[in-house]
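*Asks:* Dropping the structure in here first, questions after.
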Amino acid sequence: MRTILLSLCVAAAMSASAHTLSDRAHNPILPGFHADPEILYSENTGRYYIYSTTDGQPGWGGWYFHVFSSDNLTDWHDDGIMLDVKSEQVPWASGNAWAPAIIERKEGDGYRYYFYYSGHSPEDNRKEIGVAVADSPTGPFVDLGRPLVKDSPAGHGQQIDVDVFRDPASGKYYLYWGNGYMAGAELNDDMTSLKEETITVMTPQGGTLETYAFREAPYVFYRNGIYYFLWSVDDTGSPNYHVAYGTSDSPLGPIKVADPCTILIQRPDKEIYGPAHNSVLNIPGTDEWCIVYHRINKEYIDRDKGPGWHREVCIDRMEFNPDGSIKPVVPTR
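Just so we're aligned: the sequence shown equals residues -18 to -1, 1 to 315 in mature numbering (1 follows the signal peptide of the UniProt record, and there is no 0).
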């Protein structure tokens, strides 16, 4: 979801009066339990879309993806299940529909939507990454019929938590993924296969669970000539679960970890717990940015009630210092 570009400016043009995020943000923004949010502004429809892991099932056992849409970032409509990983829609997977990413691409006279996600392969008994394609942001989506990413280029970890990014400097598209490691690769023009020779293990080196030791959920965006890499640290049910970041002058690294590197972490004084696994929004025509993330519902912080299975989606401002470093995000309720 990229520099896929959330446009409050477009919304303002559509609605006759501009709104800022501050008067729209009433977290959580979606009803029910959802996690790993990915947000898209569609140039095609002029609407916003959120895709997420369906949460609330024991063992992170969700098997389908919902899509929500809005024309004002406040009132969200549930457009229904857009991909059911247990159904015939996805012949290679049996569940664990996690952490989606989507990108809109202009092709000829129309648009195509490439939806990347992870699922459990019963044949290989592991998590793998798939892709489904549609002509509309709400579907119907047609799965490739086989995994796009099966093996770990690092030799360990899980193939989950995918991200897709269009590099505005080159026009090339990249895929990122990994749990226990971070990998990236350039996509072929079909958007459903990788340029194998570009696959790069780019895990930020070093760090601790208190600082920036990479766990999962890479996310990439570009601003003022800098590639920003965000990721989640520690386990989703841990009090230390947080977002760290680094930068690079290349979409495939190497990554220089920021100092300080933590930009989003729990605020018990505000009853905000477990905020991480994010996507990022840039308001077109401005230098205004937002971060969309999940947090644990405050009624379920007791691990006996489920260690991170009851998460909710939130949005807040993300601001930069003059040197390009990211300011700590102030999470709101």
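Think of the CB as a built atom: it goes at the ideal place given N, C-alpha and C, for glycine as much as any other residue.
Can you tell me whether Lys309 is helix, strand or coil according to DSSP?
*Replies:* coil
*Asks:* What does the Cβ neighbour count give for Asp241, buried or exposed, with the cut at 16 atoms within 10 Å?
*Replies:* exposed
*Asks:* Just to confirm the assignment, what range does the beta strand (DSSP E) spanning Arg299 have?
*Replies:* 293 to 300
*Asks:* Name the one or two DSSP bridge partners that residue 317 has.
*Replies:* Residue 317 lies beyond the residue range present for the chain, which begins at -18 and ends at 315; the question has no answer from this structure.
*Asks:* Work out the CA separation of Arg299 and Tyr255 for me, nearest whole Å.
*Replies:* 18 Å
*Asks:* Under three-state DSSP, which class holds Glu253?
*Replies:* coil
*Asks:* For my contact list, Lys238 and Thr244 are in at a C-beta cut-off of 8 Å; report their separation, rounded to the angstrom.
*Replies:* With 8 Å as the limit, Lys238 and Thr244 do not qualify as a contact, their Cβ atoms being about 16 Å apart.
*Asks:* Taking the alpha-carbon positions, what's the Ile265 to Arg94 distance?
*Replies:* 22 Å
*Asks:* Whole beta strand (DSSP E) runs in the stretch 131 to 190 with 3 or more residues, listed along the chain?
*Replies:* 145 to 148, 155 to 159, 165 to 168
*Asks:* Just mark Gly112 as buried or exposed, buried being the case when its beta carbon has 16 or more other beta carbons within 10 Å.
*Replies:* buried
*Asks:* Ends of the beta strand (DSSP E) at Tyr98?
*Replies:* Run containing Tyr98: 92 to 103, per the beta strand (DSSP E) assignment.
*Asks:* Can you tell me the Cα-Cα spacing of Val311 and Phe47, whole angstroms?
*Replies:* 28 Å
*Asks:* Could you check the C-alpha separation between Pro200 and Ser214 for me, to the nearest Å?
*Replies:* 7 Å
*Asks:* Measuring only the C-alpha atoms, how far is Lys109 from Ser118?
*Replies:* 27 Å
*Asks:* What separation, rounded to the nearest whole angstrom, lies between the Cα atoms of Ala116 and Ile84?
*Replies:* 11 Å
*Asks:* Between the alpha carbons of His292 and Asp171, how many angstroms are there, rounded?
*Replies:* 38 Å
*Asks:* Hey, Lys68 and Trp45 are a contact pair by Cβ (cut 8 Å); roughly how many whole angstroms apart?
*Replies:* 4 Å
*Asks:* Apart from the five residues on each side of it in sequence, which residues of its chain come closer than 7 Å, Cβ to Cβ, to Asp60?
*Replies:* His48, Phe50
*Asks:* Beta strand (DSSP E) containing Phe123: first to last residue?
*Replies:* Premise fails: Phe123 is in no beta strand (DSSP E) and is neither H nor E.
*Asks:* In terms of DSSP beta bridges, what is Gly228 paired with?
*Replies:* Phe211, Val239
*Asks:* How many whole angstroms separate the CB atoms of Ile297 and Ile11, which I take to be in contact at a CB cut-off of 8 Å?
*Replies:* 6 Å
*Asks:* What do you get for Ser134, buried or exposed, if any count of 16 or more other CB atoms within 10 angstroms of its CB means buried?
*Replies:* buried
*Asks:* Would you tell me roughly how many angstroms separate the C-alpha atoms of His1 and Gly28, rounded to the nearest one?
*Replies:* Reliability of the predicted coordinates at His1 is poor, the pLDDT of 39 falling under 50, and the value obtained from them is presented with this limitation in mind. Cα to Cα, His1 sits roughly 16 Å from Gly28.
*Asks:* So, helix, strand or coil for Asp117, using DSSP?
*Replies:* coil
*Asks:* Please go through the same chain and pick out, in chain order, the residues whose beta-carbon is closer than 8 Å to the beta-carbon of Val72, but skip the five residues on each side of it.
*Replies:* Leu65, Asp66, Gly101, Gly112, Ala114, Asp125
*Asks:* Tyr210 to Asp231, Cα distance in whole Å?
*Replies:* Their Cα atoms are separated by approximately 9 Å.
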